[in-house]
Amino acid sequence: MAEISRLPGPVMDLWEWQFEGACRDADQDLFFHPEGERGSARRRRAEAAKAICATCPVLKECREQSLAVREPYGVWGGLSEDERSAILAERSRSVTVRRTTA
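Structure, rendered in structure tokens:
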């Protein structure tokens, strides 16, 4: 018989916040750029997505999740792909500096 204390908890508890997302009923194409989109068109689309994120009651949870899983595509938690990459790179540099000075 399986030892229940060693079984993983319900996954739903980890993702339930997504039901509250302001983007839930929005056009998902707004949050993910089409192949080859560049320049002002890409900036305008991303800014429109971020405007929805700015009204979101779960912005913090979404942002934290996208950084934790290193989400490679789209606008998540009000951050673009490039913004998330910059945050993750800075965190990596901070960890490296702390390790070398410790």
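Counted from 1, the sequence shown has number 79 at position 79 by the UniProt record's numbering; the numbering is strictly sequential. Backbone N, C-alpha and C define an ideal beta-carbon position, used for all residues, glycine too. Bear in mind that the values here come from a model prediction, so they are computed numbers and not experimental data.
Per DSSP, what are the beta-bridge partners of Leu-79 in this structure? Trp-76
Can you look up residue 105 in the DSSP assignment and give me helix, strand or coil? Here the chain covers residues 1 to 102 and nothing more, so residue 105 does not appear.
Quick check on DSSP: helix, strand or coil for Ala-22? coil
Trp-76 vs Ser-92 beta-carbon contact at 8 Å: no
Where does Ala-54 land, buried or exposed, given buried means 16+ other C-beta within 10 angstroms? exposed
For the alpha helix (DSSP H) that contains Arg-45, what are its first and last residues? 39-54
Terminal residues of the alpha helix (DSSP H) in which Arg-63 lies: 59-68
In this structure, does DSSP put Glu-16 in helix, strand or coil? helix
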